[in-house]
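There are 6 protein chains.
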Amino acid sequence: MEQNRYERGVQRLKEVDDIAGENVITSLSDISPDLGRYIIEFGFGDIYSRSGLSLQQRELATIAALTAMGTAQPQLKVHLHAGLNVGLSRTEITETILQMALYAGFPAALNAMFAAKEIFAEVDKREIV
Amino acid sequence: MEQNRYERGVQRLKEVDDIAGENVITSLSDISPDLGRYIIEFGFGDIYSRSGLSLQQRELATIAALTAMGTAQPQLKVHLHAGLNVGLSRTEITETILQMALYAGFPAALNAMFAAKEIFAEVDKREIV
Amino acid sequence: MEQNRYERGVQRLKEVDDIAGENVITSLSDISPDLGRYIIEFGFGDIYSRSGLSLQQRELATIAALTAMGTAQPQLKVHLHAGLNVGLSRTEITETILQMALYAGFPAALNAMFAAKEIFAEVDKREIV
Amino acid sequence: MEQNRYERGVQRLKEVDDIAGENVITSLSDISPDLGRYIIEFGFGDIYSRSGLSLQQRELATIAALTAMGTAQPQLKVHLHAGLNVGLSRTEITETILQMALYAGFPAALNAMFAAKEIFAEVDKREIV
Amino acid sequence: MEQNRYERGVQRLKEVDDIAGENVITSLSDISPDLGRYIIEFGFGDIYSRSGLSLQQRELATIAALTAMGTAQPQLKVHLHAGLNVGLSRTEITETILQMALYAGFPAALNAMFAAKEIFAEVDKREIV
Amino acid sequence: MEQNRYERGVQRLKEVDDIAGENVITSLSDISPDLGRYIIEFGFGDIYSRSGLSLQQRELATIAALTAMGTAQPQLKVHLHAGLNVGLSRTEITETILQMALYAGFPAALNAMFAAKEIFAEVDKREIV
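Residue numbers (full-length UniProt numbering), protein chains in the order written: chain A, 1 to 129; chain B, 1 to 129; chain C, 1 to 129; chain D, 1 to 129; chain E, 1 to 129; chain F, 1 to 129.
So, in structure tokens, the structure goes:
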């Protein structure tokens, strides 16, 4: 069953964001491969594989939380990309970030909005190429 | 137009959570009525009146953020109630909270889950009466 | 000179808030008297005894920070009282708290405003008696 | 193997703090039993079952982190008790808390120290009885 | 009146920090112009236009809060510059930052102090030119 | 005795991490030498000179806290280096960081793990040279 959790997690991570996800796992391989394994098993094999919320709802919740926390800029960027991947519109993403000004203040919303600007520009660039 | 923002905000707040919203505004009336006014004008007249996200999406994002922040238990309870009001299911709410364990740790998820337990029990009690 | 720092700290703490300060020190006496001693020596003997800012400015900065942090409600209450003690007006205090909505969000401002409401009521009660 | 993780987690949780751990799991049973299950499987079956750190080191790290975060008072109390259970001395615990004043400020250290005072008193009371 | 809020906000922002403020608004224009508009309308047209605190007190409070939060380095730099602009002395700024070591720990004070060092050097450079 | 605290602090800082510590103090010399002095006197002359915890326990607690806080990346790097200096193994350090996923979420653990990867690589490089 462990194997199942890992395989299910890898599968789910691919649906969410295959490139960014793989990058994180690879960059952990020489310092803490187990941290990478837990992200796949617990993060994607357990939590993101649950029913009850769509992947779009899950990414919207994650973007809201990481914006509000303000301590996880690299992970926010991964999930901004993942949000687009699973079908959130750019408007849904920027509205979610904007709303966080109410709960976590304008700096939190600003820093996340600039991250969104960066990710959207990267996506545009890839699409042109 | 200021008047419009205020009236629009009052209207929107009623759709979201009329009792809890009114309680906050009333309890501010003798210490900082302007803080209450800004919550209505900016929070509900501006932000929650925007298009681009449904009220259900807005409450899901807010519940995610307040769970992750861990510093706003009273406001989390208001929005747990508001989430139910605008049509989020209990499962959507508990799944959102559960997912926050990944981003903000188990204590954040636990404290929000116990808040949900409390709010759901309150709602059950009112409904029985 | 250690003695000097301690005595200077005790003196400074008395100017800022003699009752609340003493309560904290007393309540630490059986668990960590050294934490109490460091608050007096470093907090009040060193920092609050520095020139460059008035005590009113120091308390305004502290109230702003504790409001924004949202994790130090008991200490916020001590400094709301201390702020009044050193001559900040109630308006200066509520304006400072209100402004924090911009930087730390409405929940942070709300929770601090309710703390101010509580402290102002306590002060009113003592003054009537 | 899932079964193994759960059983290993239950076993490990018992070593760390059987009563407090059981209370958390029980209180989640009617709102989110899966959150309880993940705490056992991932928290205790995976992480706390790893080699590389002693249980005393693990509890010392947890007490330091929860003190510094300042958003997890109920969980801090559980781990103050667990710290004593796995053999940390009261001095090791209060020294850890005290040191956090350097990294997270005096309010964080104060609030955790008062939690330690409460837990130590509870333990004393049980021992007398 | 909306127009009034916006115009009053632009005016107030100019008094506080015309260049940095304009940069933020411009950089938001292609991703979320409304976030820029709210900062002007609500941030500067509403809050910073209130009476009850001087602009110097408002910037001192903001510098204290952003230092303590530790999640808003870009906005802290804007307000360090704004603080100088509205007449805070460098000593008042560094004393405010230093004091935050007590409430948010040394890392928060250190990171803000290095930001102040950077901003003061930038200002010196402009003044020499 | 002040002199004693300073000298004792310098001595203790040397035991913990002579290069990194000196860098911080030097870089503060033209903006706030007193902040550097307090870090030596209070941080190292008072706290790190206390008995009750070994230097290894102190660094483990600090690494745990800075990982969980997520707002002090530069100071985390200093203490990752200091941890190695006082005899923590790389495994003890990565296990401590990994465990923080439980309490502060995966982004906190990830960002600290990448900091550890960087510091370990730096140390390897120096050792080869």
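Quick reminder that beta carbons are idealized off the backbone N, C-alpha and C, glycines included.
Within 8 Å of any Cβ in chain B, is that where the Cβ of residue i sits?
i, result
"D:P107", "no"
"A:R50", "yes"
"A:M69", "yes"
"residue 213 of chain A", "Residue 213 of chain A lies beyond the stretch modelled for chain A, which goes from 1 to 129, so this question has no answer here."
Quick one: does residue i have its CB under 8 Å from some CB of chain A?
i, result
"C:L66", "no"
"E:Q75", "yes"
"C:Y6", "no"
"C:E102", "According to the sequence provided, residue 102 of chain C is Leu. The question's Glu does not apply to it. Closer than 8 Å to some Cβ of chain A, the Cβ of C:L102 qualifies, so yes."
"D:D124", "no"
For residue i and residue j, which I take to be in contact (beta-carbon distance under 8 Å), what is that distance rounded to the nearest angstrom?
i, j, result
"D:S49", "D:R12", "5 Å"
"F:G52", "D:E95", "4 Å"
"B:L98", "A:I63", "17 Å between Cβ atoms; not a contact."
"F:I40", "F:I19", "So it is not a contact: roughly 15 Å between Cβ atoms."
"B:M100", "D:L35", "Not really, about 10 Å apart at Cβ, beyond 8 Å."
"F:A68", "F:A104", "4 Å"
"C:N85", "C:V16", "6 Å"
"C:Q75", "D:L110", "7 Å"
Of all the CB atoms in chain E, is at least one closer than 8 Å to the CB of residue i?
i, result
"D:L98", "no"
"A:L88", "no"
"C:L60", "yes"
"C:I128", "no"
Strictly below 8 Å CB to CB, what residues from chain G border residue i?
i, result
"A:G43", "The question asks about chain G, but that chain is absent: this structure's protein chains are A, B, C, D, E and F."
When the distance is taken between beta carbons, is residue j closer than 8 Å to residue i?
i, j, result
"A:G9", "A:G43", "yes"
"D:I31", "B:A61", "no"
"A:I119", "A:L80", "yes"
"B:A65", "A:A65", "yes"
Flag residue i as yes if its beta-carbon sits less than 8 Å from any beta-carbon of chain F, otherwise no.
i, result
"A:A72", "yes"
"E:A116", "yes"
"E:N85", "no"
"D:L53", "yes"
Please confirm whether residue i has its beta-carbon closer than 8 Å to some beta-carbon of chain C.
i, result
"D:M94", "For the record, residue 94 of chain D in the displayed sequence is Thr; it is not Met. Interface residue, yes."
Answer yes or no: does any C-beta atom of chain D fall closer than 8 Å to that of residue i?
i, result
"B:L110", "yes"
"F:A121", "no"
Of the residues that make up the region 8-41 of chain D, which ones have a beta carbon closer than 8 Å to any beta carbon in chain F? none
Which runs of the beta strand (DSSP E) fall wholly inside the region 72-101 of chain C and span at least 3 residues, in chain order? none
Please give me, in chain order, every unbroken run of the alpha helix (DSSP H) with length at least 4 that falls completely inside the region 33-77 of chain E. Counting only runs of at least 4 residues, the region 33-77 of chain E fully encloses the following alpha helix (DSSP H) elements, listed from N- to C-terminal order: 33-38 and 55-69.
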